[in-house]
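If you're matching positions, the sequence shown starts at 306 in this note's numbering and goes up one per residue.
Report on the structure given below.
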Amino acid sequence: HDGYLQAVSPTTGKRLWRSKAGRRQPYGIGCAGPIIVGDTVVCVTVEEDGPRCFLTGLDLGSGEVRWDLSHEAVGRKLRAEQRRSGSGFSGEWSWYCTPTFADGWLLAQTDAGIVALR
Numbered sequence: 306h307d308g309y310l311q312a313v314s315p316t317t318g319k320r321l322w323r324s325k326a327g328r329r330q331p332y333g334i335g336c337a338g339p340i341i342v343g344d345t346v347v348c349v350t351v352e353e354d355g356p357r358c359f360l361t362g363l364d365l366g367s368g369e370v371r372w373d374l375s376h377e378a379v380g381r382k383l384r385a386e387q388r389r390s391g392s393g394f395s396g397e398w399s400w401y402c403t404p405t406f407a408d409g410w411l412l413a414q415t416d417a418g419i420v421a422l423r
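Below, the structure is given as structure tokens:
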């Protein structure tokens with residue numbers, strides 16, 4: 306992959322937009338897939354030269370960044386058990402869960418833990 310998040314027309318297969326999600330890459334090996342909440346694409350993004358994760362909201366129609374949150378901006382993390390999935394011999398994280406949206410809450414796993422946004 307080329308590190309970009311891309312939107313493709315389901316009828317023509319043509320690329321509608323392509324985004325680097327600011328200065329970070331939306332996909333790295335093991336990163337979570339995006340979800341669509343209303344007219345916003347929400348994805349977990351990672352620093353290109355570091356392991357820190359962020360939540361980024363992109364406009365569904367254009368791919369422009371609407372908001373970008375680090376775990377410091379979100380506040381306290383939830384007290385929840387996180388399961389390691391796909392960790393290698395080093396024990397480092399290699400997979401993150403896809404964000405979930407339910408009952409007005411966006412739940413996402415980042416390097417800081419599980420965060421909830423309303």
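Each residue gets a CB set at the ideal place from its N, CA and C atoms; glycine is no exception.
Query                                                                                                                : Result
DSSP-derived helix/strand/coil call for residue 413                                                                  : strand
Own chain partners of residue 324 with C-beta closer than 8 Å, once the 5 adjacent residues on each side are dropped : 309, 310, 311, 331, 363, 368, 369, 370
Pair within 7 Å by beta-carbon distance, residue 349 and residue 406                                                 : no
Status (buried if at least 16 other CB within 10 Å, exposed otherwise) for residue 339                               : buried
C-alpha distance - residue 344 paired with residue 413, whole-angstrom precision                                     : 18 Å
Contacting residues, own chain, Cβ-Cβ under 7 Å from residue 403 (five flanking each side not counted)               : 337, 338, 340
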